[in-house]
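Line by line, the protein sequences are chains L and A. Using numbering that gives the first Met the number 0, read the first sequence as starting at 0 and increasing by one per residue. Using numbering that gives the first Met the number 0, read the second sequence as starting at 0 and increasing by one per residue. From the three backbone atoms N, C-alpha and C, an ideal C-beta is built for every residue, glycine too. This one's a predicted model, so the numbers in the text were calculated from it and none came from an experiment.
There are 2 protein chains.
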Amino acid sequence: MTAAAGQLDGLHRAAASRLRSVGQRYTANRRMLIEALADVSGPVTIAGILEGRSGLPVSSAYRSLTVLERAGLVQRVVMGEERARYELAEELTDHHHHHLVCSSCASVEDVTIPPELERDVDRILASLAGRSGFTAVSHQLDMVGLCRACG
Amino acid sequence: MTAAAGQLDGLHRAAASRLRSVGQRYTANRRMLIEALADVSGPVTIAGILEGRSGLPVSSAYRSLTVLERAGLVQRVVMGEERARYELAEELTDHHHHHLVCSSCASVEDVTIPPELERDVDRILASLAGRSGFTAVSHQLDMVGLCRACG
DNA sequence: TTTACTGCAAAGGGTTTGCAACATG
DNA sequence: CATGTTGCAAACCCTTTGCAGTAAA
């Protein structure tokens, strides 16, 4: 995603206003986190975030990410590993995507698929839901395999 | 899956022979784990397994499940939560399926979809792989929402 | 009888929380 | 200023490991 300066501006504006509407403040730490997430091309672990931005205490990262997630600005995702990863909410980026999870180096890359295939996914999920009294909210379609580097 | 007695027999036979071929033993604990997994209708956490079978020490559960997984008898899956869940390997049950993850009570149910939709999933994944130098190995298509009880 | 496996208890690693100091609106 | 937020350190929880004893083949 690696956002340009202008896009970053928009993100900050959106984040600030959304947080304000929930009675939360848009502090330096939270700004830093939004930027960190805008800078990468896939969901990252908290450890990954901390590496980059030294100085950010662990507990603050956890607490702030929780706040950002509850505000709908950040999406928490869990893939094959135990530890969670975080990415900007799709609502914020206007960029619906899926993930390529490398089973060797554990990296995760965003990827998009053509609209018609996306429609198929929705159809499949509707069918899944229908046959089981399940109220679908969202889906997760990830592919596990070997990335370009590891394959 | 809640297996009948005869099916259980088959599972035990398969497990025993598979383990033997890898120089491992099919012990009482491992048998108990296979039965526990055959008894439920979706992947379960280690805590969930331990609840049922009191007496099984935690460390043994972890170690045995690791062995069973490496032997290809058990599949370790991670959904929205941090802690892993375990299920019998599809190869063992001949029962390819997906998951319905309840975002409220965190329960996970197995579900199957019609073959033609399954083909669509494969097609989508092939497309995903093609456009990114990614070597697909497996996929994970899960639906998140509210289960019948919580909805 | 050999050697894989088990159980306990202690260690490890990531995440959460209490609390006093701090910064934002 | 009032209150949400931060940072530190301790607490927590789940998972892993060392080691002596046990049981499977």
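Contact under 9 Å by Cβ, residue i with residue j
i, j, result
"L:SER102", "L:VAL77", "no"
"L:GLY132", "A:ARG122", "no"
"L:GLY71", "L:ALA88", "yes"
"L:LEU32", "L:VAL57", "no"
"A:ARG30", "A:HIS11", "yes"
"L:GLU86", "L:LEU99", "no"
"A:ALA210", "A:LEU49", "No statement about residue 210 of chain A is possible, as the shown extent of chain A runs from 0 to 150 and does not include it."
"A:PRO42", "L:SER126", "no"
"A:LEU140", "L:LEU140", "yes"
"A:LEU7", "A:ASN28", "no"
"L:VAL120", "A:VAL120", "yes"
Reduced DSSP category for residue i - H, G, I as helix; E, B as strand; rest coil
i, result
"A:MET0", "Per-residue confidence for A:MET0 stands at a pLDDT of 49, beneath the threshold of 50, marking its modelled position as unreliable; the derived number appears in the next sentence. Here A:MET0 sits in coil by DSSP."
"A:HIS95", "coil"
"A:ALA27", "helix"
"L:SER59", "helix"
"L:ALA148", "coil"
"A:VAL120", "helix"
"A:ALA35", "helix"
"A:ALA125", "helix"
"L:ALA13", "helix"
"A:ALA135", "strand"
Chain A contact residues for residue i, given Cβ-Cβ distances below 7 Å
i, result
"L:ALA151", "Past the edges of chain L, shown from 0 to 150, lies residue 151 of chain L, and the structure says nothing about it."
"L:ASP121", "Residues of chain A passing the Cβ test: none, with the nearest at roughly 11 Å."
"L:ILE112", "ILE123, SER126, LEU127"
"L:LEU116", "ILE123, SER126"
Neighbourhood of residue i by C-beta, 7 Å cutoff - its chain only, sequence neighbours within 5 removed
i, result
"A:SER16", "none"
"A:VAL136", "none"
"A:SER53", "none"
"A:LEU67", "ARG29, LEU32, VAL73"
Neighbour list for residue i in chain A, Cβ cutoff strictly below 8 Å
i, result
"L:LEU32", "Neighbours of L:LEU32 on chain A: none; closest Cβ ~20 Å, over 8 Å."
"L:VAL165", "This structure leaves residue 165 of chain L out entirely; chain L is present only between 0 and 150."
Chain L contact residues for residue i, given Cβ-Cβ distances below 9 Å
i, result
"A:ASP141", "HIS138, GLN139, LEU140, ASP141"
"A:THR134", "GLY144, LEU145, CYS146, ARG147, CYS149, GLY150"
"A:PRO95", "Inspection of the sequence shows that residue 95 of chain A is occupied by His rather than by Pro. Going along chain L, no residue has its Cβ under 9 Å from A:HIS95, so there is no contact; the nearest lies around 13 Å."
"A:VAL77", "VAL77, MET78, GLY79, GLU80, GLU81"
Residues of its chain near residue i, where Cβ-Cβ distance is below 6 Å and the 5 sequence neighbours each way are ignored
i, result
"L:HIS138", "LEU124"
"A:GLY79", "VAL100"
Residues that residue i contacts on chain L, provided the C-beta gap is smaller than 7 Å
i, result
"A:ALA15", "In chain order: nothing, as chain L lies at least about 28 Å away."
"A:VAL107", "Chain L residues near A:VAL107: none, gap ~11 Å exceeds 7 Å."
Partners in chain A for residue i, counting only beta-carbon separations shorter than 9 Å
i, result
"L:LEU99", "LEU127, ALA128, SER131, PHE133, ALA135"
"L:SER102", "VAL136, SER137"
Cut-off 8 Å between Cβ atoms - residues of its own chain near residue i, not counting five sequence neighbours on either side
i, result
"L:LEU145", "CYS101, SER102, SER103"
Inset, instruction - Scan the stretch 63-87 of chain L and note each continuous beta strand (DSSP E) run of 3 residues or more that stays entirely inside, going in chain order. - result: 73-76, 84-87
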